[in-house]
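So that you can map any letter, position 29 of the sequence shown is 29 in this note's numbering, and since no number is skipped, the others follow by simple counting.
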Amino acid sequence: MEPSRLKYLFNVYYNKTASSEERIEFLDFVAESEQDEDLKALLTEKWLTLQNEKEILTVGQVDEMLTAILEKQPVKTNRLMRMSVAAAIFLIAGMSIYICFKPGRLTLQSAQLIKKENTDKIVQGGKKAVLTLGDGSEITLDTTKQGMVIQQGNAKVSRQSLSTLAYHPENKNAQLIVYNTLTTPKGGQYQVILPDQTRVWLNSSSSIRFPTQFKGKERMVSVTGEAYFEVAKNAGMPFKIVANHTEVEVLGTHFNLMAYPDENSINTALLEGSVKVSSSTETRILVPGQESRISKTGRINTFTVAADEVLAWKNGWFNFNNCDIQKVMRQISRWYDVEVEYQGRTPTGHFSGMVSAGNEIDKVLDILRTGGVNFKTQGRKIIVLP
1 MEPSRLKYLF
11 NVYYNKTASS
21 EERIEFLDFV
31 AESEQDEDLK
41 ALLTEKWLTL
51 QNEKEILTVG
61 QVDEMLTAIL
71 EKQPVKTNRL
81 MRMSVAAAIF
91 LIAGMSIYIC
101 FKPGRLTLQS
111 AQLIKKENTD
121 KIVQGGKKAV
131 LTLGDGSEIT
141 LDTTKQGMVI
151 QQGNAKVSRQ
161 SLSTLAYHPE
171 NKNAQLIVYN
181 TLTTPKGGQY
191 QVILPDQTRV
201 WLNSSSSIRF
211 PTQFKGKERM
221 VSVTGEAYFE
231 VAKNAGMPFK
241 IVANHTEVEV
251 LGTHFNLMAY
261 PDENSINTAL
271 LEGSVKVSSS
281 TETRILVPGQ
291 ESRISKTGRI
301 NTFTVAADEV
311 LAWKNGWFNF
321 NNCDIQKVMR
331 QISRWYDVEV
341 EYQGRTPTGH
351 FSGMVSAGNE
361 IDKVLDILRT
371 GGVNFKTQGR
381 KIIVLP
């Protein structure tokens, strides 16, 4: 990496203005690069210019950088040098009297102890996903290098960026079709470009199963959780999505599908084009600006929605539209990967507004407290109080 690029990434990371892609690029560099001297020089410079500040890096930033070094770096001969960089980060953040870069000063055991103390810290989500291949094997995408290429059936699969997976069919007449599944954990989001160039953004705790090549009269995928689609147009091959006994059929359109099993309805919101939504009992055709909500019994109701509300999660926001506290906390649980518990009477108020998903969890809870709800945290558990 060019020193100028590294300095830029370090500064935006330190100032908390880095985009999610820039943050991942910087942490990947910390984990895998051999340019230790460049990184240590930046840390030293920051120490010398900010020694009177309370802290140079936040606890969350220290935890991220230590995690990158300890978990992503393979065991090899320069491991002690990587540990010395970890030591530098930790000592700077702790405002020690001096910075020690000598290899071996921070042992693996002591560094792991430092990391263990931070494992219960609640942090916002990022670009994380697991790809399950046709043979059942799994690839953790957030720990693989950009540019990764594998063969699946008749398609080449590449990791185009830190947050995007793409499929490239090589022979449209081939008969072999393999199914892949992309799954995001709690606190994870990811994008996939399907073989027909349809783009899909997966929200936290979601999955999409699809063939590595679309053949026949329709393009069929199955979804759990929440996903935003920009479907490639092909009038001769409709695009169909199956989710919890609901079917959505489109030709080419932009829409959002929310089908989490713990929600009370399956919601499809249309931004562009036309979609047909079918439940076990009825069918509706949506026009842009409409959202269908299918109840557990199969009843379909339609509502008017705004584009910014539909796209909120994709653009890094929580959208609370007259939500009760349980619906609010389900969103928070998925993004911050926390357990939620209720003690006493469940608060009955409702919340409306948009809150940045880039906030630390404490700030989000402070915002919710203004609505008359109280919380306490125990490790990775958030307890909702009357």
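Positions of the beta carbon are idealized from the N, C-alpha and C atoms, including for glycine.
DSSP-derived helix/strand/coil call for Pro211: strand
First and last residue of the uninterrupted alpha helix (DSSP H) at Glu309: 307-310
Host alpha helix (DSSP H) of Gln331 (start-end): 325-336
Continuous beta strand (DSSP E) stretch holding Tyr190: start and end: Counting along the chain, the beta strand (DSSP E) containing Tyr190 begins and ends at 188-193.
Rounded Cβ spacing between Arg380 and Glu339 (contact assumed at less than 8 angstroms): 6 angstroms
Leu202 classed as buried or exposed, judged by whether at least 16 other C-beta atoms fall within 10 angstroms: buried
Thr181 in three-state terms, based on DSSP: strand
Segment contact flag, the segment 199-215 with the segment 228-247, C-beta cutoff 8 angstroms, min 3 pairs: yes
Endpoints, the alpha helix (DSSP H) within which Gly364 is located: Note on identity: in this sequence residue 364 is Val, with Gly being the wrong assignment. Per DSSP, Val364 belongs to the alpha helix (DSSP H) from 361-369.
First and last residue of the uninterrupted alpha helix (DSSP H) at Arg5: Boundaries of the alpha helix (DSSP H) harbouring Arg5: 3-14, taken from the DSSP string.
Own chain partners of Leu270 with C-beta closer than 6 angstroms, once the 5 adjacent residues on each side are dropped: Phe255, Leu286, Pro288, Gln290
8 angstroms contact criterion, which Ser205 and His245 should meet: CB distance rounded: No, Ser205 and His245 are not in contact; Cβ-Cβ is about 19 angstroms, not under 8 angstroms.
Cutoff 7 angstroms; reference Lys145; Cβ partners in own chain excluding five residues on either side: none
Range covered by the beta strand (DSSP E) that runs through Ala235: No beta strand (DSSP E) contains Ala235, which DSSP labels as neither H nor E.
Tyr228 and Lys314 closer than 7 angstroms at C-beta: yes
First through last residue of the beta strand (DSSP E) which encompasses Lys128: No beta strand (DSSP E) holds Lys128; DSSP gives it neither H nor E.
Coil, strand or helix - Ile383 by DSSP: strand
Other residues of its chain near Gly349: CB distance less than 6 angstroms, five sequence neighbours each side excluded: Gly371, Gly372
Buried versus exposed, by CB contacts within 10 Å (16 or more), Gln343: exposed
Burial state of Asp142, where buried means 16 or more other Cβ atoms lie within 10 Å: Counting Cβ neighbours within 10 Å, Asp142 comes out buried, since at least 16 surround it.
Cutoff 6 angstroms; reference Phe239; Cβ partners in own chain excluding five residues on either side: Arg219, Val231, Val250
N-terminal and C-terminal residue of the beta strand (DSSP E) that Leu176 is part of: Here Leu176 belongs to no beta strand (DSSP E), and DSSP marks it neither H nor E.
Beta bridge counterpart(s) of Tyr228 as assigned by DSSP: Trp201, Asn256
Proximity winner among Ala155, Leu27, Asp324, relative to Gly126 (alpha-carbon distances): Leu27
Residue environment, Tyr13, which counts as buried when at least 16 other CB atoms sit within 10 Å: buried
Cα-Cα separation, Glu138 to Leu131: About 6 angstroms.
Neighbour-count burial assignment, Gly153, 16 or more Cβ in a 10 Å radius: buried
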